[in-house]
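Take a look at the structure set out below.
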Ligand SMILES: [Zn+2]
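Residue numbers (this note's numbering): 72 to 254.
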C-alpha cells in the first residue's frame, strides 16, 4: 500500500517537473525565436548531415557606369569549388564572413545601362542618362532647353526620371517638353 502511494507520488513529481521544463522551454523560445531553428538542428539528424553548400559570389564591376553586378553560384561538392578557388586565386578573395568572392572588371556598361535610358535633370539642363532612375548610369547627352519655362509638373517628372525605349520615343518626349517651354 505504501509502495503504491510512493510510486504515485513519483509519477506526480515527474509530471510536475516535466510541466515545469515545458514552461521553461516555452518561455525560452518566446524570448528568442531563432532558438527554434537551433533546436530543430539539434534534434533532427537529417539537418546536421545535410550537405554543406559551397558558395562563390562573383562581383563584376562595369567600369563605364560604375555598377557592380553580383551573382552567387552554389557548389554541392567541395572538390570542384576548391579547384575553382585554386585556379582563380588572384581574383578570389575570402571575405571576413567566410564568403569567397570572385572580383572581375569589365570595361563596359552593365546590362541595365545597356538596355535602359531615361531623361533627367543635371544642373540646369535636361540630360539623357543610361540606366534607370533607381540605378542611373552615365550621362550620354545634354539638351539645351529652357527649364525655367517648363511647368512644375514636367520638372517634377524629370527630377524623378522619364524612361524611354528608343530614339523615336526620346524625340517625342523632347518635342513635347520643347513645345511646353516655348509656350
Ligand atoms: Zn550600369
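All C-beta atoms, glycine included, are put in the ideal place defined by N, C-alpha and C.
Asked	Found
As a quick exercise: from 124, 135, 162, pick the residue whose alpha carbon is nearest that of residue 148.	124
Is residue 208 a contact residue of ligand 1, with contact defined as CB to any heavy atom under 7 Å?	yes
Taking 6 Å as the limit between beta carbons, can you name the residues of its chain near residue 234, skipping five residues before and five after?	189
Please determine if the segment 198 to 216 and the segment 232 to 251 are in contact, where contact requires at least 3 C-beta pairs separated by less than 8 Å.	yes
Does the Cβ-Cβ distance between residue 173 and residue 127 come in under 8 Å?	yes
On the CB-based measure, 16 or more other CB atoms within 10 Å of its CB, does residue 187 come out buried or exposed?	buried
What does residue 139 pair with, by DSSP beta-bridge criteria?	132
Quick one: give me the first and last residue of the beta strand (DSSP E) that residue 229 is part of.	No beta strand (DSSP E) contains residue 229, which is instead part of the alpha helix (DSSP H) from 223 to 231.
Could you check whether the Cβ of residue 180 sits closer than 7 Å to any heavy atom belonging to ligand 1?	yes
So what's residue 215 in DSSP terms, helix, strand or just coil?	coil
Is it the case that the CB of residue 200 approaches a heavy atom of ligand 1 more closely than 7 Å?	no
Kindly indicate which three-state DSSP category residue 246 falls into: helix, strand or coil?	helix
Using the beta-carbon count (16 or more within 10 Å), is residue 83 buried or exposed?	exposed
With DSSP collapsed to three states, give me the class of residue 158.	helix
Heavy atom of ligand 1 less than 7 Å from the Cβ of residue 141, yes or no?	no
If I follow the unbroken beta strand (DSSP E) through residue 236, where does it start and stop?	Unbroken run through residue 236: none, as it is neither H nor E.
Taking residue 208 as the reference, which of 198, 184, 196 has the closest Cα?	184
Quick check: what's the CA-CA separation for residue 131 versus residue 181?	9 Å
In chain order, what residues of the same chain have a beta carbon less than 8 Å from the beta carbon of residue 297, not counting five sequence neighbours either side?	Residue 297 is absent from the model: the chain starts at 72 and stops at 254.
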